[in-house]
Amino acid sequence: MYIHFIFDYASTEYFITWILMMEKLPLSVIVLAYNEEDNLPDCLKSASFAAEIILVDSGSTDKSDDIAKSFGCKILQRPLNGDYAAQRNFAIAHASNEWVMMLDADERITSELAEEIKEAVLSNQDFCWRISRENHFVEGKVLHGVLRPDKVERLFKKSSAKYEGSVHERLQCPFPKKELQGRLIHFPYKSWEIHLDKMNRYTTMLAQKYAAQGKNSNFLSGIMIKPLWAFLKTYVVHLGFLDGKLGFEFCLLHGFYTLEKYIKLRSINRFNGRI
12 MYIHFIFDYA
22 STEYFITWIL
32 MMEKLPLSVI
42 VLAYNEEDNL
52 PDCLKSASFA
62 AEIILVDSGS
72 TDKSDDIAKS
82 FGCKILQRPL
92 NGDYAAQRNF
102 AIAHASNEWV
112 MMLDADERIT
122 SELAEEIKEA
132 VLSNQDFCWR
142 ISRENHFVEG
152 KVLHGVLRPD
162 KVERLFKKSS
172 AKYEGSVHER
182 LQCPFPKKEL
192 QGRLIHFPYK
202 SWEIHLDKMN
212 RYTTMLAQKY
222 AAQGKNSNFL
232 SGIMIKPLWA
242 FLKTYVVHLG
252 FLDGKLGFEF
262 CLLHGFYTLE
272 KYIKLRSINR
282 FNGRI
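Residues are numbered in the working numbering as their position in the sequence shown, beginning at 1, plus a constant of 11.
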């Protein structure tokens with residue numbers, strides 16, 4: 012009888028542990044998407060430990076929504092209108108859980124990071140969690156310059172956070188910042204074509220934003236000095252030269268990104284909004 016009791020107790024303990032392991036983490040992972048069918052499977056799979064995944068689709072014409080449905084995501088439709096902060100705030104308002112994590116479609120959560128996220132959420136402390144991001148390109152990992160590893164604030168309580176800024180949006184959170192040790196793996200550009208296309212879209216949105224704020228583009232500073240400094244800063248100060256030819260190419264394009272942004276701003280101001 013004593014042996015039977017021990018067996019029952021051990022079985023019960025095992026069963027409880029199994030149930031707890033099967034439960035999803037009370038976390039809402041938010042993913043913004045537009046034609047991300049190539050990225051979504053790996054992205055959503057890496058976030059499958061979360062109780063809820065919300066996909067905010069801004070008008071995809073590929074299989075993004077079908078892929079999201081196959082992962083059991085909550086799918087919300089909303090046009091982006093060039094305002095990423097508003098899109099993220101819209102998603103946060105629809106989150107079912109107090110803890111929220113922002114995840115881009117071209118990012119992957121490592122298993123080590125997933126474990127840390129679980130600990131942070133279950134501890135329920137008032138922190139805004141910062142995560143290191145390791146950037147990869149089709150030709151390999153980039154360690155310096157434009158795509159050097161960066162830190163992004165992604166894990167927070169929804170009742171205390173809000174995004175501001177239309178293009179390069181920033182999280183506003185009153186809680187102290189704390190850093191997780193695990194990393195996000197980031198694949199921002201799977202080809203040069205994707206990289207250049209994103210540059211074109213972002214520079215247009217930024218130029219329009221600057222124009223709406225009443226900013227002007229001085230030829231000397233905006234067209235000559237700032238693009239050159241953007242290249243030198245990333246190539247020399249941020250050690251882009253250590254990434255060899257790939258580092259030079261990325262840093263040079265960063266200078267061109269700055270040039271393109273201010274050329275478009277000049278065009279908007281000179282030709283009544285036309286680029």
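Virtual Cβ for every residue (Gly too), placed ideally from N, Cα, C. Since the structure is predicted, the reported quantities are computational estimates derived from the model, not experimental observations.
In whole angstroms, what is the alpha-carbon distance linking Ile-65 and Arg-141? For this step, residue 65 is matched to residue 54 along the sequence shown. For this step, residue 141 is matched to residue 130 along the sequence shown. Each residue's Cα considered, the two are about 20 Å apart.
Nonlocal neighbours in the same chain, by C-beta distance under 8 Å from Thr-214, ignoring five residues either side: Within the sequence shown, numbered from 1, the residue matching residue 214 stands at position 203. Excluding residues within five positions, the ones whose Cβ falls inside 8 Å are Tyr-268, Glu-271, Lys-272 and Lys-275.
Alpha-carbon spacing of Asn-146 relative to Pro-199, whole angstroms: Position 135 of the sequence shown, counted from the start, is the residue given in the question as residue 146. Position 188 of the sequence shown, counted from the start, is the residue given in the question as residue 199. If you take the alpha carbons of Asn-146 and Pro-199, they lie about 7 Å apart.
Own chain partners of Met-210 with C-beta closer than 6 Å, once the 5 adjacent residues on each side are dropped: Here the question's residue 210 lines up with position 199 in the sequence shown. Correct list, in chain order: Tyr-268.
Buried or exposed: where does Asn-50 fall if 16 or more other Cβ atoms within 10 Å of its Cβ makes it buried? Translated into positions along the sequence shown, residue 50 becomes position 39. Residue environment for Asn-50: buried (at least 16 other C-beta atoms within 10 angstroms of its C-beta).
Among the candidates Tyr-221, Leu-182 and Ala-116, whose CA atom is the shortest distance from the CA of Glu-164? On the sequence shown, position 153 is the one that residue 164 refers to. Checked all of Tyr-221, Leu-182 and Ala-116; the closest Cα to Glu-164 is Leu-182.
Go to Ala-62, then tell me how far its alpha helix (DSSP H) extends in each direction, as first and last residue. In the sequence shown, counting from the first residue as 1, residue 62 sits at position 51. Segment 61–68 is the beta strand (DSSP E) holding Ala-62; no alpha helix (DSSP H) there.
Ser-232 versus Ala-106 - alpha carbon distance: Here residue 232 is taken as the residue at index 221 of the sequence shown, counted from 1. Here residue 106 is taken as the residue at index 95 of the sequence shown, counted from 1. One C-alpha to the other measures close to 44 Å.
Does the Cβ-Cβ distance between Leu-55 and Val-42 come in under 9 Å? What you label residue 55 is simply residue 44 of the sequence shown in a count that begins at 1. What you label residue 42 is simply residue 31 of the sequence shown in a count that begins at 1. The beta carbons of Leu-55 and Val-42 sit closer together than 9 Å.
Own chain residues within Cβ distance below 7 Å of Glu-150, not counting five before or after: If you number the sequence shown from 1, residue 150 lands on position 139. Closer than 7 Å at Cβ, skipping near neighbours: Leu-257.
Less than 7 Å between C-beta atoms, sequence neighbours within five positions excluded: which residues of the same chain meet that for Asn-227? The count along the sequence shown starts at 1 and reaches residue 227 at position 216. Cβ within range, chain order: Asn-280.
Top-ranked residue by Cα proximity to Tyr-95, from Ile-286, Phe-252 and Glu-175: Numbered from 1 along the sequence shown, position 84 holds the residue referred to as residue 95. The shortest C-alpha separation from Tyr-95 is found at Glu-175.
Check each candidate in Glu-34, Trp-203 and Asn-46 and name the one with the smallest Cα separation from Leu-264. Residue 264 sits at position 253 when you count from the first residue of the sequence shown. The shortest Cα separation from Leu-264 among Glu-34, Trp-203 and Asn-46 belongs to Trp-203.
Pair every Cβ in the region 129–141 with every Cβ in the region 229–244, then say whether three or more of these pairs are closer than 8 Å. Put simply, the region 129–141 does not touch the region 229–244. Fewer than three CB pairs are less than 8 Å apart.
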